[in-house]
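Beneath this line is the structure, given in structure tokens, with notes to follow.
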DNA sequence: GACGCTTGTCAACAGGCGTTGACAAAGCCA
DNA sequence: TGGCTTTGTCAACGCCTGTTGACAAGCGTC
């Protein structure tokens, strides 16, 4: 989407363009692998401008992470269908849900020393916390950890299989169904 | 364990010392965060020596990964107790099991562009494959993916909570018990 | 004892990184 | 039109990285 000629002068638009590009980049690559110059090239802007708008790379990463919104979108809709809905999204539509994009960013960079602390605090505030409150009932904390862990684990597992668990479509469906049952059991409890 | 004076000349010992140090480092930090000079300092040796013994950093990483052995250790013991055993190790003794150390390395570096391919192939060969063969029965592939995903996810979740899921000890026990039931159900199926 | 191979150290290189300050040009206001 | 602020570019800095080749010292062998 790069246009020839000089970039029109529009600070607000440029800022959000940078933020959008950063979100995409950090969802696809780790904190260490994403360079300021990469994001700048995506937007069609000089890397120095990013520093001026967002401060440091850490600040940009945090802004991108928080721009994904909290995980509450996961929890909208019928509670009795949570298992089916989430299992379907995790297995078949990893890129669709915005809250899963936030999780992609976390998973990509949780290993990095520079990013792990930001990831931890954000994850607690935007994922564990809301999930736990929404669950309610006995052992809500424990069930939230299990749910979150399972969802993250399946995302990692998909990643390891190269985007599709390295499974046949029919097998994916059966996995989705099994996963749905397990998740739902943790919801109902 | 650094001794003063020059290092005794012993190629084999030095080589394994380097490999051990690399395994520890890569289990604790991501591929990008681990520097050749860090490992060299741990061993008390010059970084150049590592290059000569192992070739490139990629080669060293792969050697460290493969030195953890395959995941078959996870599958030894009574099949009827698999759930309990693994749940206990995942929740309470993350550092104990060697095969979990291999998984730590994978989880730390799966996000890194340079390491992800090595992690993927190693994970398939040493973790998914053996688990699937060992499981047998209907839908072995699907159940193996679910099991592996859950185990990895709980490891990540523990990491995010700062080493203990951010839970009380009593809660950890209840989580272990719930996890054991879920894992065992996937084994038996 | 002198040679030669092995083992380890040291200094340096090329390349990449995030960040900074000076500079250019666009747009606004008087 | 002239000045001033905003927006963007450019070149450069200091730092860190993996890797290399030259050099030093230990050790076995003739």
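Residue numbers (this note's numbering), protein chains in the order written: chain B, 1 to 189; chain W, 1001 to 1189. Where is the CB? At the ideal position from N, CA and C, for every residue including glycine. Computed from a prediction, not measured in an experiment: that's the story for all the values here.
Would you identify the three-state DSSP class for residue i, choosing helix, strand or coil?
i, result
"residue 129/B", "helix"
"residue 163/B", "coil"
"residue 53/B", "helix"
"residue 181/B", "helix"
"residue 1038/W", "helix"
"residue 189/B", "coil"
"residue 1173/W", "helix"
"residue 1010/W", "coil"
"residue 1005/W", "Because the pLDDT of residue 1005/W is 49, which lies under 50, any placement of that residue in the model is unreliable, and the number read from its coordinates should be weighed accordingly. It is coil, neither helix nor strand."
"residue 1071/W", "helix"
"residue 1110/W", "coil"
"residue 1044/W", "coil"
"residue 1076/W", "coil"
"residue 1101/W", "helix"
"residue 1124/W", "helix"
"residue 1084/W", "helix"
"residue 1136/W", "coil"
"residue 30/B", "coil"
"residue 90/B", "helix"
"residue 66/B", "helix"
"residue 1168/W", "coil"
"residue 1141/W", "helix"
Look at the Cβ atom of residue i, then the Cβ atom of residue j, and state whether they are nearer than 8 Å.
i, j, result
"residue 1062/W", "residue 1118/W", "yes"
"residue 1038/W", "residue 1025/W", "yes"
"residue 112/B", "residue 30/B", "yes"
"residue 1195/W", "residue 1187/W", "A question about residue 1195/W goes unanswered here, because the residues of chain W that appear run from 1001 up to 1189."
"residue 1150/W", "residue 128/B", "no"
"residue 1114/W", "residue 1058/W", "yes"
"residue 1053/W", "residue 1015/W", "yes"
"residue 1182/W", "residue 182/B", "yes"
"residue 50/B", "residue 40/B", "yes"
"residue 1154/W", "residue 153/B", "yes"
"residue 87/B", "residue 167/B", "no"
Residues of chain B with CB under 9 Å from residue i, in chain order?
i, result
"residue 1142/W", "165, 167, 171, 172, 174, 175, 178"
"residue 1029/W", "111, 112, 113"
"residue 1182/W", "146, 150, 182, 185, 186"
Give me the chain W residues within the contact set of residue i, using Cβ-Cβ distance strictly less than 7 Å, ordered along the chain.
i, result
"residue 123/B", "1160"
"residue 152/B", "1153, 1156, 1157"
Run down chain W in chain order and give the residues with a C-beta less than 9 Å from the C-beta of residue i.
i, result
"residue 107/B", "1110, 1111, 1156"
"residue 120/B", "1159, 1160, 1161, 1162"
I want to verify the contact list: residues of chain B whose CB lies under 7 Å from the CB of residue i, in sequence order.
i, result
"residue 1146/W", "175, 178, 179"
"residue 1046/W", "Those within 7 Å of residue 1046/W in chain B number zero; the least Cβ separation is about 24 Å."
"residue 1139/W", "174"
Residue i versus chain W: which residues are under 8 Å apart at the beta carbon?
i, result
"residue 32/B", "1030, 1032, 1033, 1112"
Within 7 Å: the Cβ of residue i and any heavy atom of the ligand SAH?
i, result
"residue 129/B", "By its list of ligands, the structure shown contains no ligand whatsoever, and the ligand SAH lies outside what it can speak to."
Meets three-Cβ-pair contact criterion under 8 Å: the segment 1140-1151 of chain W and the segment 118-131 of chain B: Of all C-beta pairs linking the segment 1140-1151 of chain W to the segment 118-131 of chain B, fewer than three are shorter than 8 Å, placing the two stretches out of contact.
The segment 1144-1161 of chain W touching the segment 160-175 of chain B, judged by at least three CB pairs closer than 8 Å: Yes, the segment 1144-1161 of chain W touches the segment 160-175 of chain B.
Taking 8 Å as the threshold, find out whether the segment 1149-1160 of chain W comes into contact with the segment 1087-1097 of chain W through three or more Cβ pairs. Inter-segment contact for the segment 1149-1160 of chain W and the segment 1087-1097 of chain W is present: three or more beta-carbon pairs are separated by less than 8 Å.
Within the chosen definition, does the segment 80-87 of chain B reach the segment 34-54 of chain B through at least 3 CB pairs nearer than 8 Å? Too few Cβ pairs lie closer than 8 Å, so no.
Is it a yes or a no for the segment 101-112 of chain B touching the segment 1013-1021 of chain W, going by three-plus beta-carbon pairs under 8 Å? Judged by Cβ distances under 8 Å, the segment 101-112 of chain B makes no contact with the segment 1013-1021 of chain W, as fewer than three pairs qualify.
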